[in-house]
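2 protein chains.
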Amino acid sequence: MVKRTRFEGDSCPIARSLDALGDWWSLLIIREALFGLRRFGEFQSKLGMAKNILSVRLRALVDHGILAPAPASDGSAYQEYVLTPKGRGAFPILVALRQWSEEFDDHPEEIATILVDRAKGRPVKKLEMRAEDGRLLSPAETTLKPRPARRRRSA
Amino acid sequence: MVKRTRFEGDSCPIARSLDALGDWWSLLIIREALFGLRRFGEFQSKLGMAKNILSVRLRALVDHGILAPAPASDGSAYQEYVLTPKGRGAFPILVALRQWSEEFDDHPEEIATILVDRAKGRPVKKLEMRAEDGRLLSPAETTLKPRPARRRRSA
DNA sequence: TTGTGTGGTTGCATCATAAAACCAAATGCC
DNA sequence: GGCATTTGGTTTTATGATGCAACCACACAA
Chain A
1385 MVKRTRFEGD SCPIARSLDA LGDWWSLLII REALFGLRRF GEFQSKLGMA KNILSVRLRA
1445 LVDHGILAPA PASDGSAYQE YVLTPKGRGA FPILVALRQW SEEFDDHPEE IATILVDRAK
1505 GRPVKKLEMR AEDGRLLSPA ETTLKPRPAR RRRSA
Chain B
1385 MVKRTRFEGD SCPIARSLDA LGDWWSLLII REALFGLRRF GEFQSKLGMA KNILSVRLRA
1445 LVDHGILAPA PASDGSAYQE YVLTPKGRGA FPILVALRQW SEEFDDHPEE IATILVDRAK
1505 GRPVKKLEMR AEDGRLLSPA ETTLKPRPAR RRRSA
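Residue numbers (the working numbering), protein chains in the order written: chain A, 1385 to 1539; chain B, 1385 to 1539.
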């Protein structure tokens, strides 16, 4: 089998996420959806991608429960695609990608937009990792533990 | 040209990040590197990927300034690959992907590990987005602004 | 009813990926 | 030193994924 590698059965949650949205377009589609786009043509013209690829991606995102087909919205009979909670939950991933680019990109002057607090118009703080008690954690201060076995409910 | 789409010149920082690490393997290589792997063979056997692909990916990551070739470490004459600050800066992206899977995966029981605070052994808190003044922000409470023009330094 | 835009699908050419074979240099063993 | 083995790749070949353009059905507008 020479098929593209799938991570669906992998036990690593990062690999599992990548399996759902690790290709070149899915996260950009989600970005646009978060921005309010819903229609096939909107995605296609905004992202400038081939229609067949968009078609395949939308179907995959629907299959993964990230987008849901919505029957209408403005009364027309056309199909729309709206984010599910799972899809909206990808927002931190997009923010992390954005901040990484803002911090490390070789040509930051080419970046057109910054993410700001709507109320104040000031840039959002960097995402930070904290312990349960609120302590700021560096990568070195974290470690991986085997997932505790799910407690069986009594019969 | 039918070449794979590149986002290098795109003005969106998310697209720019994806251009560097948006393929199926790069983030997993970075994950392993954060875990301490350095050698070609270590990555290859741990990730189970084809050697030619690993070769191409490592070169790309080096070109992007995410990994740096290190002349040695244990005295041997073999090459090693170590994360640069830019590479270590991708950690929040991995955490975001992990947490998304932990929260939304359809089969969370298949996830083998959890990320914990090393000191307490307790799970890390969800990444949260905050304003400059520390207010917790939802996606809807943020917006995009054009990047302010870089102030020219006086001559 | 004819025309136009929307939302796709199909065909084809090209690119990327994967598996396996191959290979040179470094290393380990004696 | 000499030989086998490991390491770190490259090459070859097969196939899946992508991109573009053409095509098409249906909704909608006149």
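Glycine is no exception: its CB is placed at the ideal position from the N, C-alpha and C atoms.
- In the three-state reduction of the DSSP assignment, A:Asp-1501 falls in the strand class, which pools E and B.
- A direct Cα-Cα distance of roughly 5 Å separates A:Arg-1482 from B:Pro-1397.
- Classified as exposed, B:Lys-1435 has fewer than 16 neighbouring CB atoms from the shown chains inside 10 Å of its CB.
- Residues of chain B with a Cβ closer than 8 Å to the Cβ of A:Ser-1429 do not exist, since the nearest Cβ in that chain sits about 15 Å away.
- If you draw a straight line from the Cα of A:Val-1446 to the Cα of A:Ala-1452, it is about 5 Å long.
- Within chain A, the residues Leu-1411, Leu-1412, Arg-1415, Leu-1478, Leu-1481, Arg-1482 and Ser-1485 have their CB atoms less than 8 Å from the CB of B:Ile-1398, given in chain order.
- Between B:Asp-1403 and the set A:Ser-1485, A:Pro-1476 and A:Phe-1427, the nearest pair of CA atoms involves A:Ser-1485.
- Given a length threshold of 4 residues, each whole run of the alpha helix (DSSP H) inside the region 1464-1493 of chain A is given here in chain order: 1469-1472 and 1475-1488.
- Within chain B, the residues Pro-1523 have their CB atoms less than 7 Å from the CB of A:Phe-1475, given in chain order.
- Between the alpha carbons of A:Leu-1499 and B:Pro-1523 lies a gap of roughly 10 Å.
- The DSSP-derived three-state label of B:Lys-1529 is strand.
- Flagged as an interface residue toward chain B: A:Ala-1515, by a C-beta distance shorter than 9 Å.
- Here B:Pro-1523 carries a helix assignment [DSSP, helix/strand/coil].
- Non-local C-beta neighbours of A:Ser-1401 in its own chain, meaning closer than 8 Å and more than five positions away in sequence, comprise Ile-1477, ordered along the chain.
- Between the alpha carbons of B:Lys-1470 and A:Leu-1442 lies a distance of about 32 Å.
- When Cβ-Cβ separations below 9 Å define contact, A:Lys-1509 makes contact with chain B.
- Annotation: the continuous alpha helix (DSSP H) that includes B:Pro-1397 extends over 1397-1405.
- Within its own chain, the residues whose Cβ lies closer than 8 Å to the Cβ of B:Glu-1426, once the five positions on either side in sequence are excluded, are Glu-1416, listed in chain order.
- C-alpha of B:Phe-1475 to C-alpha of A:Ser-1460: approximately 44 Å in a straight line.
- Cβ contact annotation for A:His-1448 (same chain, cutoff 6 Å, sequence separation greater than five): Ala-1404, in chain order.
- Listed as beta-bridge partners of A:Arg-1514 by DSSP are A:Leu-1520.
- Shown here, B:Ala-1417 sits in a helix according to DSSP, grouped into three states.
- Within 7 Å of the CB of A:Arg-1531, the CB atoms of chain B belong to Ile-1495, Ala-1496, Thr-1497 and Ile-1498, in sequence order along the chain.
- Interface flag for A:Arg-1519 against chain B is set, since a Cβ pair is found closer than 9 Å.
- Annotated three-state conformation of A:Ala-1454 is strand, per DSSP.
- The beta carbon of B:Gln-1428 lies closer than 6 Å to those of Lys-1435 and Leu-1438 in the same chain, with the five residues before and after it left out.
- With respect to chain A, the C-beta atom of B:Lys-1470 has a partner C-beta closer than 9 Å.
- Approximately 7 Å separates the beta-carbon atoms of B:Arg-1472 and B:Leu-1418; this is inside 8 Å, confirming the contact.
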